[in-house]
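If you're matching positions, the sequence shown starts at -5 in our numbering and goes up one per residue. Glycine residues also receive a C-beta, built at the ideal position from the N, C-alpha and C atoms. For reference, the structure is listed below as structure tokens.
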Amino acid sequence: MNALHEATRKVAAAKKQGLVPIQNTLVNGSQQLQPCCLDQDKKIQELTDELKHASQQCEAYLSKLLAVLKDMEEQKLKISVKIQNVQNVAVAAGSEKGDVK
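If you want it as structure tokens, here you go:
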């Protein structure tokens, strides 16, 4: 999750640094982008890619975490059943001793 927050922070910081809309210029009848705008667009694309990657990592971690939590819940239920069985045996053994007296 830190990677996602970091990427979001970087995108917001890049926007605050005064990114302006792309400015087109005509050179020999064809449009070309200003070099500073290209750099800004490249940086935005890099940050966007980083954000997507961080988001994918978060999804993968969440999936793994949910699988682990599910396994833990299943193990907890199995242990609870075993404990209940042991208690039942102990109660039955105690009542048998009480019947013998």
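Below 8 Å, too few C-beta pairs join the stretch 31 to 41 and the stretch 62 to 80 to call them touching: fewer than three. Straight-line measurement puts the Cα of residue 48 at about 8 Å from the Cα of residue -4. Around the Cβ of residue 87, a 10 Å sphere holds fewer than 16 other Cβ atoms; the residue is exposed.
With fewer than 16 other CB atoms across the displayed protein chains lying within 10 angstroms of its CB, residue 61 is exposed.
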